[in-house]
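What follows is a short report on a single structure.
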Amino acid sequence: MITRRGFLKFVGGSFLSLASLSAYAVGIEPMLLTHVKRYQLTPPHWPAGLKLRAVVLSDIHACHPWMTPERIASLAAEANALKPDVIPMLGDYPAGTRIVTGWVDASEWAPALSGLKAPLGVWSILGNHDWWEDRTAQRVGAGPTISRKALETVGIPVLENDVVRLEKDGHGFWLAGLADQLALLPGRAWGRSHVKGLDDLDGTLAKVSDQAPIILLAHEPDIFPKVPGRVSLTLSGHTHGGQVRLFGYSPVVPSRFGNRFAYGHVVENDRNLIVSGGLGFSIAPVRFGMRPEILQIDLGST
Ligand SMILES: [Fe+2]
9 MITRRGFLKF
19 VGGSFLSLAS
29 LSAYAVGIEP
39 MLLTHVKRYQ
49 LTPPHWPAGL
59 KLRAVVLSDI
69 HACHPWMTPE
79 RIASLAAEAN
89 ALKPDVIPML
99 GDYPAGTRIV
109 TGWVDASEWA
119 PALSGLKAPL
129 GVWSILGNHD
139 WWEDRTAQRV
149 GAGPTISRKA
159 LETVGIPVLE
169 NDVVRLEKDG
179 HGFWLAGLAD
189 QLALLPGRAW
199 GRSHVKGLDD
209 LDGTLAKVSD
219 QAPIILLAHE
229 PDIFPKVPGR
239 VSLTLSGHTH
249 GGQVRLFGYS
259 PVVPSRFGNR
269 FAYGHVVEND
279 RNLIVSGGLG
289 FSIAPVRFGM
299 RPEILQIDLG
309 ST
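Numbering (the numbering used here), first residue to last: 9 to 310.
What follows is the structure, given as structure tokens:
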């Protein structure tokens, strides 16, 4: 029989463990346990002799108290310390939740990112929140978004259905950046009944003018089934790995494909996708089993 004392101890204990679990998921994991997630691969169409290190930041979601300009600047320093050849950023710079103690304006988060340095440059794409938090862009149905202007102001180019050819050790390669697949929200005021993407995969890849390998940057991984084998590697964010991930399974994933592209390295039909778990969060300030991460991807060294 359960005594009253036993019951109260049980309730008290449960409350305490729940409280410490919450403190962990809200305070410790999202803020203090950032780590570097390393991948090493030589994808198809990758030339022998091209060793490339890409350090990737995704889903920063600037806000107080979790992702302040100071923290963003220190993440930039951490990324630089990995000695990247190139730094792609995968979108979603502003806060993705209303549960914040304060906003971090684009005029604050962009300068914090301006410390990123790599010999082949820092390149960015935009995510859904870069569009969704910009009411003017929603109304007009076009950019340039606040995020795009802020990134360009600090000298970080934004690839929206655009490509750039880079070179290392005499080998060329392409970075192709897709415009956001969920850019325009539905709304009667805006005359839209469905979410409208601005992505143009075919048009983007048509700008690639030689046989050098392609790295595609696409905020949402849902484009992956349409990506042709010509692309060596697709890099995505957006899912945050579900933010809560247990035993390799994420209960909630913002993707039509559920867990298929929720997180990590996915190989399908000899095509490669890496989905970053990202750095910030959206909807609720929680991370559990999915620490904030900076990607270090070494290509051609295996
Ligand atoms: Fe996103």
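Ideal Cβ positions, reconstructed from N, Cα and C, are used throughout, including at glycine.
All values derive from a computational prediction rather than experimental measurement.
Distance cut-off 7 angstroms: residue i Cβ against heavy atoms of ligand 1
| i | result |
| --- | --- |
| H227 | yes |
| G185 | no |
| D67 | yes |
| D100 | yes |
| H246 | yes |
Neighbour-count burial assignment, residue i, 16 or more Cβ in a 10 Å radius
| i | result |
| --- | --- |
| T11 | exposed |
| V275 | exposed |
| F181 | buried |
| I107 | exposed |
| L41 | exposed |
| T310 | exposed |
| R13 | exposed |
| V239 | buried |
| H248 | buried |
| D278 | exposed |
| I80 | buried |
Proximity below 8 angstroms, CB of residue i to CB of residue j
| i | j | result |
| --- | --- | --- |
| I231 | L186 | yes |
| W54 | P236 | no |
| L183 | E228 | no |
| R295 | A103 | no |
| L307 | D177 | no |
| V261 | N267 | yes |
| P51 | L174 | no |
| H72 | V44 | no |
| V64 | L121 | no |
Backbone CA spacing between residue i and residue j [nearest angstrom]
| i | j | result |
| --- | --- | --- |
| P38 | W139 | 24 angstroms |
| L83 | H202 | 36 angstroms |
| A226 | K91 | 23 angstroms |
| G288 | H69 | 5 angstroms |
| N136 | I291 | 13 angstroms |
| M97 | L243 | 10 angstroms |
| E141 | R253 | 27 angstroms |
| E168 | A158 | 15 angstroms |
| L206 | S22 | 48 angstroms |
| G123 | W131 | 13 angstroms |
| I282 | F18 | 44 angstroms |
| H179 | Y101 | 31 angstroms |
| I223 | A27 | 43 angstroms |
| T105 | R147 | 21 angstroms |
| G151 | L128 | 26 angstroms |
CB-CB length for residue i against residue j, believed under 8 angstroms
| i | j | result |
| --- | --- | --- |
| K204 | L213 | Rounded, the Cβ-Cβ distance is 21 angstroms, inconsistent with contact. |
| G195 | D67 | Actually they are not in contact, since the Cβ atoms of G195 and D67 sit about 24 angstroms apart, beyond 8 angstroms. |
| E86 | I302 | 6 angstroms |
| V62 | V94 | Strictly speaking, residue 62 in this sequence is Ala, with Val absent from that position. Rounded, the Cβ-Cβ distance is 5 angstroms, consistent with contact. |
| K215 | V171 | 5 angstroms |
beta-carbon residue i near ligand 2 non-hydrogen atom, thresh 7 angstroms
| i | result |
| --- | --- |
| G135 | As presented, the structure is devoid of ligand 2, carrying ligand 1 as its sole ligands. |
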